[in-house]
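K.L.:
Starting off with a structure, shown below.
There are 2 protein chains.
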Amino acid sequence: MQRLDTLAGMLKSDDFLTVKDLAISLGTSTRTIFRDINILRDRGLPIDADKGRGGGVKLHRSWGLGRLSLTDQETIDLLISLAISEKMNSPLFMDNLKPIRYKLMALLSPDQKSNVENLRGRILIGSSASPIVLSSYELSPRQQASELSAAFLCQRQLSICYSDESNKITKRTIEPHYLYLNYPVWYILAWDHLRTGFRTFRCDRILKPMVMEKSFKVRPFEDFTHMIKTDNPILP
Amino acid sequence: MQRLDTLAGMLKSDDFLTVKDLAISLGTSTRTIFRDINILRDRGLPIDADKGRGGGVKLHRSWGLGRLSLTDQETIDLLISLAISEKMNSPLFMDNLKPIRYKLMALLSPDQKSNVENLRGRILIGSSASPIVLSSYELSPRQQASELSAAFLCQRQLSICYSDESNKITKRTIEPHYLYLNYPVWYILAWDHLRTGFRTFRCDRILKPMVMEKSFKVRPFEDFTHMIKTDNPILP
DNA sequence: TCAAATATGACATAAAGTGTCAGTTGTGTC
DNA sequence: GACACAACTGACACTTTATGTCATATTTGA
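See below:
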């Protein structure tokens, strides 16, 4: 079964390879190679074959036929990235993003699916950031974004240290309900357990994010609308 | 072999299932289920098991362990989307995008890789579009974006009909060298074979894109710099 | 015409998967 | 502590599948 993958890989090289050569380099018989090729064709791989002298077999120029397996964090980031792209990429390049998302979701368990289904609804795209914000924008944030994204997607509480505009650092526990982009600055619209109220946090000012065990239920967007003024960028 | 996938899917449900139940619903013996579970464990799936009364088997909560296989066009769009995300998403959510890109590229043949390697360098992000441009922006473009993206990624010539600002439609053959975003409007920086010169095309004004056989070599960015003024959005 | 190549069918054999059975270990309940 | 339940493991026969050999057809280029 491993051999099928190897074979598919070999066929991807541009030259025409003869079945005989393939059989030798895979240590098997030509008959088996022919059978394997049929299996690959059944799977939908477009394999060209030329008969006669100088002929051979070749996988028609194509791209995404391999199998991709991802880690947890990669899947989370990919899903969020796709959601952002679908929100942002101004319909142009999202034609085929939807099927990818469906394929990804087919691999998830039912409760994971429900997390992802409302994902796009939790990502908000605003206008571009103002020069004032940009001037204080930390270009290379040292925080681990993976903690942020995991807590956001999995709807888990997040423990952070936050440095406000006067560089005063406070430790907080927040529920990251919505992500809000004033390009290129990301904000988290959250429930703040310390202040017991809705607060906005600029992601590049978050210092030591840590996903907590406790989860939360996403609040309706209406609870946060008053925090977003489309004319002015948000200054937390 | 199909059974392994089904089994992995069943284990993803949150309840603890007994091996006996799994054997019945999969129409096989418990011994086989145990063997299958070992195979899945060898593949790295974290499977919890509780002995004793009320015990059972369960796949530990995790995300990205399935195998994803994509079509050509999906792979192309995903790669482009990732490249855009890495360019745009303002370092926050790109931590794990790079490994995904590497995994995707591992599935590609050598010549396909070289196409992808310089992909990010061919995507340019500018400022936001001006109100003037936005007013004439076609929100639901009817063109097939997949043709555009395929031609761009595979470095193939593109036959298009272009409707300019006075709605005059001309048929052209272009080489799509660079993509340029004035959010939310995408432009293609191209060599125009009809006018034999560098031209900029607004993507939403492209009508019948068609990938041609003939390929081209990407020209250095310097050839196009004079077409981009960061202060003014481009009006082709 | 010939040789090289894909392609398919038939059949014996080799390999892998499966089921039955027996047994071990751990866990909760009575 | 006894018992039932349930995850595990090993051994062996059996069944299914995969593989190799051989034969044959078909296309193609020199």
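Residue numbers (my numbering), protein chains in the order written: chain A, 1 to 236; chain B, 1001 to 1236. Ideal Cβ positions, reconstructed from N, Cα and C, are used throughout, including at glycine. No experiment lies behind these values; they were computed from the predicted model shown.
Taking the C-alpha atoms as reference points, what is the distance between A:Val-19 and A:Met-1?
P.N.:
Distance between the alpha carbons of A:Val-19 and A:Met-1: 18 Å.
K.L.:
So, under 8 Å CB-CB, B:Leu-1097 and A:Asp-77 are touching, yes? Tell me the CB distance rounded to an integer number of Å.
P.N.:
Their Cβ separation, rounded to whole angstroms, is 6 Å, which keeps B:Leu-1097 and A:Asp-77 in contact under 8 Å.
K.L.:
Going along chain B, which residues have a C-beta under 9 Å from A:Met-10?
P.N.:
What A:Met-10 touches in chain B: nothing, since even the nearest Cβ is about 10 Å away.
K.L.:
Can you give me the C-alpha to C-alpha distance between B:Leu-1153 and B:Gln-1112, rounded to a whole angstrom?
P.N.:
If you take the alpha carbons of B:Leu-1153 and B:Gln-1112, they lie about 9 Å apart.
K.L.:
Checking contacts by CB at 8 Å: is A:Leu-70 closer than that to chain B?
P.N.:
With 8 Å as the cut-off, A:Leu-70 counts as an interface residue toward chain B.
K.L.:
Where does the unbroken alpha helix (DSSP H) through B:Ser-1146 begin, and where does it stop?
P.N.:
Element bounds for B:Ser-1146: 1145-1154.
K.L.:
What residue range does the beta strand (DSSP E) around B:Asp-1050 cover?
P.N.:
Taken as a continuous stretch (DSSP letters only), the beta strand (DSSP E) holding B:Asp-1050 covers 1047-1050.
K.L.:
Near B:Pro-1233, what residues of its chain come up, given a Cβ to Cβ distance below 6 Å and the 5 sequence neighbours on each side ignored?
P.N.:
Note on B:Pro-1233: pLDDT 39, under 50, position unreliable in the model; the coordinate value appears next. Closer than 6 Å at Cβ, skipping near neighbours: Ala-1129, Ser-1130, Val-1133 and Asn-1182.
K.L.:
The alpha helix (DSSP H) spanning B:Val-1185 covers which residue range?
P.N.:
Careful: B:Val-1185 lies outside any alpha helix (DSSP H), inside the beta strand (DSSP E) at 1185-1192.
K.L.:
In chain A, which residues lie with their C-beta within 9 Å of the C-beta of B:Asp-1042?
P.N.:
Result: empty, since nearest Cβ-Cβ is about 13 Å, beyond 9 Å.
K.L.:
Express the C-alpha separation of A:Arg-122 and B:Asp-1048 in angstroms, rounding to a whole number.
P.N.:
Rounded to the nearest angstrom, the two C-alpha atoms are 32 Å apart.
K.L.:
Taking all protein chains shown into account, decide if A:His-177 is buried (16 or more other Cβ within 10 angstroms of its Cβ) or exposed.
P.N.:
Its Cβ being crowded by 16 or more others within 10 Å, A:His-177 is buried.
K.L.:
Taking only three categories from DSSP, how would you classify A:Lys-217?
P.N.:
Correct three-state label for A:Lys-217: coil.
K.L.:
Going by DSSP, name the residue or residues bridged to A:Glu-175.
P.N.:
According to DSSP, A:Glu-175 bridges with A:Trp-191.
K.L.:
What number of angstroms, rounded off, separates the C-alpha of A:Pro-236 from the C-alpha of A:Gln-155?
P.N.:
Confidence in A:Pro-236 is poor, its pLDDT being 33 and thus under 50, which makes the residue's placement too unreliable to answer from.
K.L.:
Would you say A:Leu-26 and A:Leu-59 are within 8 Å of each other, going by their C-beta atoms?
P.N.:
Not closer than 8 Å, so no.
K.L.:
With distances taken between CB atoms, is the gap from B:Asn-1179 to B:Leu-1124 smaller than 8 Å?
P.N.:
The sequence shown places Leu at residue 1179 of chain B, rather than the Asn named in the question. Yes. Within cutoff.
K.L.:
May I have the straight-line CA-CA distance separating A:Ile-188 from B:Phe-1198, to the nearest angstrom?
P.N.:
Whole-angstrom Cα-Cα distance: 42 Å.
K.L.:
Taking the alpha-carbon of A:Gly-55 as reference, which of A:Glu-86, A:Ile-39 and A:Asp-21 has the nearest alpha-carbon?
P.N.:
It is A:Asp-21 whose Cα lies nearest to the Cα of A:Gly-55.
K.L.:
If you reduce the DSSP assignment to three classes, tell me which class B:Arg-1041 lands in.
P.N.:
Helix, per DSSP.
K.L.:
Is the beta carbon of A:Leu-108 closer than 8 Å to that of A:Ile-169?
P.N.:
No, they are not a contact pair.
K.L.:
With A:Leu-17 as the anchor, note down where its alpha helix (DSSP H) starts and where it stops.
P.N.:
Segment: none, A:Leu-17 is in no alpha helix (DSSP H) and carries neither H nor E.
K.L.:
Which of helix, strand or coil does DSSP assign to A:Thr-170?
P.N.:
In the structure shown, A:Thr-170 sits in a strand (DSSP, three-state: E or B).
K.L.:
Leaving out five residues before and five after B:Met-1088 in sequence, what residues of the same chain have Cβ atoms less than 7 Å from its Cβ?
P.N.:
Closer than 7 Å at Cβ, skipping near neighbours: Ile-1125.
K.L.:
Specify the secondary structure class of A:Leu-78 as computed by DSSP and reduced to three states.
P.N.:
The answer is helix: DSSP assigns A:Leu-78 an H, G or I state.
K.L.:
Which residues bound the alpha helix (DSSP H) around A:Lys-58?
P.N.:
Unbroken run through A:Lys-58 is the beta strand (DSSP E), 56-59; no alpha helix (DSSP H).
K.L.:
Taking the beta strand (DSSP E) that B:Leu-1200 falls in, what are its first and last residues?
P.N.:
The sequence given here has Thr at residue 1200 of chain B, not Leu. Looking at the DSSP string, the run of the beta strand (DSSP E) that includes B:Thr-1200 is 1197-1202.
K.L.:
Can you give the Cα-Cα distance for B:Asp-1051 and B:Phe-1016, rounded to whole angstroms?
P.N.:
Reading off the sequence, residue 1051 of chain B comes out as Lys, not Asp. Each residue's Cα considered, the two are about 11 Å apart.
K.L.:
Can you pull the chain B residues whose beta carbon is under 9 Å from the beta carbon of A:Ala-29, in chain order?
P.N.:
It should be noted that the sequence gives Ser, not Ala, for residue 29 of chain A. By Cβ distance, chain B contributes nothing, its closest Cβ being about 22 Å from A:Ser-29, past 9 Å.
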